[in-house]
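J.: Submitted below is the structure of interest, expressed as structure tokens.
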Amino acid sequence: MANKEKIKKALGNPTLRRALTNFGNNYVLAREKAFGDVDFEELRREIKAARTEVRQKLDLYVEEFRTNAEKNGARVIIAHSANDARQAIVEILKAKNAKIVVKSKSMASEEIHLNEELIKHGIEVVETDLGEWILQLDGQKPSHMVMPAIHLTREEVAAIFSKALDREVAPDIAQMVKLARQELRDKFLKADAGITGGNIAVAETGSIFLFTNEGNARLTTTLPKVRISLVGVEKLVPKLKDAIPIMRALPRNATAQKITSYMTVMTAGAGQEHYIILLDSGRIELKDDPVFAELFQCIRCAGCLNVCPVYQQVGGHVFGHVYTGPIGTLLTAFFHGLEAAKDPQAICGSCLKCATVCPAGINLPELLLKLRQRVVETYGQPFVQKFIFERILANPKLFNSLLGLGRKFQGIVAENGEIKSLPFGFDNLTSFRVFPTLARERLYKKYRVRPREKGNKGKVLFYSGCLIEHMYPDIGEDVFLVLEKNGYEVVLPENQGCCGAPAYYSGDLQAAVRMAKNNIEAFLKHDYDYIVTACPTCSETLMHYEKYLEDDEEYREKAREVSRKVIDFTDFAFKYLAVGEGKVSGTFTLHDSCHARRGLGQVKEPRELIVKTGANLVEMANSDQCCGFGGSFSIKYPEISEKVFQNKYQNIMETGAEKVAVTCPGCLMQIDGGLKKQGAQVKVEHLASILAKTYK
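All residue numbers in the sequence shown are consecutive under my numbering, ending with 1887.
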């Protein structure tokens, strides 16, 4: 589990959270505007194609780049490890008797801990990117791959300047920028060498591209007589034309700009010595990895950080190592080892939002889960978690029996059908929300005694999932009503259990597979035309059973049969059901659950269904922003969950709506419990319950 003390410290810094959240909210709108005239999906295809070509023929393009760069007068050095790169740079600088080195922003140099190595050899290193220089003065590391000092306020920067420069500096941005220029100008003029990174390396021409918003990179590459470019081999593209999609995507996705202030192309030195270090350091292992190879496509825009709700609460010093956020955590596993990635990967809440903005089309959420599986395989998982997944959730009869006992004894902590506080050190779980109690009767018991209606349109097997089965059976009954009123017969299997999502999203694939097999056996005892579930996460999980079991000869075909008949309730209602129009009153706002919006692609479906009932629908800001539930995430990291929920709470209250519509029972539990804890009079209803009103 990620470092609790670091998390606590970050969450205790409201300035950090406010700065990152405000930037994230503004970024979404600005990015949308920046991409307004661009076909984002076409850019993705072009970037992916160019990077895939290099990945598959890396040796060829490394050699082509070396040949053309050296033809231009540069010297190219291949560094297979971080140590090789450090030694090569030290040797160059010592050979040139370099005493002062200026640097423009380079995450690769952070990756190999270059500054520390140069200082050890008596070489003065000066960061000239404003953000990096601020951090260097204070002994900090970047918290963001593009905006390294985003976590600092102007007051904090002024304090850093005052301490480092031994004079009082006011928190005036324009004056501090002017001061930085004055302080750095002398360093540029005295520098013996300049070190930069590189955003693109073109094999066809031997050129290196730099995208910057400050003039420091051009000064770094033109004033000193020696310049060194440290570039990862994944930055290669075959031809000059292949740089264009990255040029169009990178500024828009990184900072929501159509173009950066400076776009520099270095092809040949003008009276300078130019050394290019092509860095491997785990990249070749990455490109050959059967699971993670697509990470080679990353263009380092850090867009995934900008939309990540967890990053917005804790920042990159918690959610990251050297590289930060979703992509940084994945790269860390290859550049710095699995041990370094172990803590950061654990705090990903699997909201799926990072994948929507990745210009290289990398399936970041899925790869983070694959990384989590490797962590569990290598280091194991907490005993209690393992016991719950493998002994309880994977055994539906035992699970249901234990919850039956829970119904009898929950009165110890419950009051009026709610759990408002928990004892014995679990109080943080209820610090910001109220939990519902287990329902008096589970859904299957209600199903057994209710009158059945034969349908003429087909037979629907309803998968209830844990929350509807045991906490919200009324939602299940509303689903039955809506389906039956539309001519469908409903079947509810007795021995269905957990879908497997909690185990899968915690990295325990084996337990998830056992749960999948249990459910497949329960389903195949019945005849049905569709499998419908009113939980988007369950829907997604059931749809993935064929992927979980693709290598299992006994279950492969069974899993395929099940997965291909799964349809989420919202989609089923939108496609096949007639909704009674004009029968629901009141003003609703809709929360788009992560797995409904991004996993299943539901946008218009719930909205049109709600409006059709006669309800008034008002949109909330950031309707698809995670509510902080994330299944077991909100149990493992309730402090982060609380801060994420606070943003959702604010957005809900600003709408003035009387009710919140949701399509996910997990989101219902989180939002309803949070609203009740705040004393808000806003109610939360599942879409199935809203639709059911049109038949009552």
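Cβ coordinates follow ideal geometry from the N, Cα and C atoms, glycine included. Just so we're clear, the structure is a prediction, and the values are computed from it rather than from any experiment.
(1) Going by the DSSP bridge assignment, what does Arg-1418 pair with across the sheet?
(2) By the three-class DSSP mapping on this structure, what secondary structure does Ile-1280 have?
(3) Do Thr-1411 and Val-1293 have their beta-carbon atoms positioned less than 9 angstroms apart in this structure?
(4) Taking Gly-1397 and Asn-1259 to be in contact with their CB atoms under 8 angstroms, please state how far apart those CB atoms are, rounded to whole angstroms.
(5) What first and last residue would you give for the alpha helix (DSSP H) that runs through Ser-1353?
(6) Counting C-beta neighbours from all protein chains within 10 Å, is the total for Asn-1213 16 or more, i.e. buried, or is it exposed?
(7) If you draw a straight line from the C-alpha of Val-1316 to the C-alpha of Gly-1507, how long is it?
(8) Taking 8 angstroms as the cut-off, is the CB of Glu-1660 close to at least one heavy atom of the ligand MN?
(9) Below 9 angstroms between beta carbons: does that hold for Leu-1768 and Leu-1674?
(10) So, for Ala-1210: in the same chain, excluding its five sequence neighbours on each side, which residues have a beta-carbon less than 6 angstroms away from its beta-carbon?
(11) In the DSSP assignment, find the alpha helix (DSSP H) that holds Val-1548 and state where it starts and stops.
(12) Provide the residue span of the beta strand (DSSP E) that contains Lys-1287, from first to last.
(13) Which runs of the beta strand (DSSP E) at least 3 residues long sit entirely within the segment 1656-1710? Give them in chain order.
(14) Tell me whether Val-1575 is buried or exposed, calling it buried when 16 or more other Cβ atoms sit within 10 Å of its Cβ.
(15) For Arg-1266, which residues from the same chain have a beta carbon less than 6 angstroms from its beta carbon, with the 5 sequence-adjacent residues on both sides left out?
(16) Going by C-alpha distance, which of Val-1281, Glu-1196, Pro-1684 is nearest Gly-1313?
(17) Terminal residues of the continuous beta strand (DSSP E) containing Phe-1653?
(18) At a cut of 8 angstroms, does the segment 1386-1405 reach the segment 1291-1305 through at least three beta carbon pairs?
(19) Please give me, in chain order, every unbroken run of the alpha helix (DSSP H) with length at least 4 that falls completely inside the segment 1542-1621.
(20) Run through the DSSP bridge pairs and tell me what Glu-1876 is partnered with.
(21) Decide if the segment 1572-1590 is in contact with the segment 1836-1852; the criterion is three or more beta carbon pairs, one per stretch, under 8 angstroms apart.
(22) Return the first residue and the last residue of the alpha helix (DSSP H) that Glu-1237 is part of.
(23) How far does the beta strand (DSSP E) with Glu-1196 in it extend, from its first residue to its last?
(24) From the DSSP output, in three-state form, read off Ser-1784 for me.
(25) Within 10 angstroms of the Cβ of Met-1192, are there 16 or more other Cβ atoms? Answer buried if so, exposed if not.
(26) Can you check whether the CB of Phe-1836 is closer than 9 angstroms to the CB of Glu-1799?
(27) Looking at Arg-1208 and Gln-1504, is the spacing between their C-beta atoms short of 9 angstroms?
(28) Please report the distance separating the alpha-carbon of Asn-1306 from that of Thr-1319.
(29) Pull up the DSSP beta-bridge partners for Arg-1266, would you.
(30) In this structure, how does DSSP classify Met-1457 when only helix, strand and coil are distinguished?
T.: Reading off the structure:
(1) Paired residue(s): Gly-1385, His-1465.
(2) In the structure shown, Ile-1280 falls within a helical segment according to DSSP collapsed to helix, strand and coil.
(3) It is a contact, given that the beta carbons lie within the stated cut-off.
(4) Correct: roughly 3 angstroms between the Cβ atoms.
(5) In the DSSP annotation of this structure, the continuous segment of the alpha helix (DSSP H) that includes Ser-1353 starts and ends at 1345-1356.
(6) By the neighbour-count rule (16 or more Cβ atoms within 10 Å), Asn-1213 is not buried but exposed.
(7) So the two alpha carbons sit approximately 24 angstroms from each other.
(8) Absence of the ligand MN is noted for the structure shown, with no ligands found whatsoever.
(9) At a Cβ-Cβ threshold of 9 angstroms, Leu-1768 and Leu-1674 count as neighbours.
(10) There are no such residues.
(11) Looking at the DSSP string, the run of the alpha helix (DSSP H) that includes Val-1548 is 1544-1548.
(12) For Lys-1287, there is no enclosing beta strand (DSSP E), as DSSP marks it with neither H nor E.
(13) Fully enclosed beta strand (DSSP E) runs of 3 or longer: 1679-1682.
(14) Exposed, because fewer than 16 other Cβ atoms sit within 10 Å of the Cβ of Val-1575.
(15) So the list reads Tyr-1466, once near-sequence residues are dropped.
(16) Of Val-1281, Glu-1196, Pro-1684, the residue nearest in Cα terms is Val-1281.
(17) Judged by DSSP secondary structure, Phe-1653 falls within the beta strand (DSSP E) whose first and last residues are 1649-1654.
(18) Segment contact: the segment 1386-1405 against the segment 1291-1305, three or more CB-CB distances shorter than 8 angstroms; contact assigned.
(19) The qualifying runs are 1544-1548, 1555-1570, 1574-1578, 1587-1600.
(20) Note: Glu-1876 sits in a beta bridge opposite Ala-1852.
(21) No: the two stretches stay apart, fewer than three of their Cβ pairs being nearer than 8 angstroms.
(22) Looking at the DSSP string, the run of the alpha helix (DSSP H) that includes Glu-1237 is 1231-1247.
(23) For Glu-1196, no beta strand (DSSP E) encloses it; the enclosing alpha helix (DSSP H) starts and ends at 1195-1202.
(24) When secondary structure is reduced to three states using DSSP, Ser-1784 falls in the coil class, being assigned neither helix nor strand.
(25) A caution first: Met-1192 carries a pLDDT of 46, below 50, which makes its placement in the model unreliable, though a value can still be read off. So Met-1192 counts as exposed.
(26) Going by C-beta atoms, Glu-1799 is not nearer than 9 angstroms to Phe-1836.
(27) Yes, Cβ-Cβ distance for Gln-1504 and Arg-1208 is below 9 angstroms.
(28) Each residue's alpha carbon lies about 13 angstroms from the other.
(29) Tyr-1466.
(30) Met-1457 falls in the strand class under three-state DSSP.
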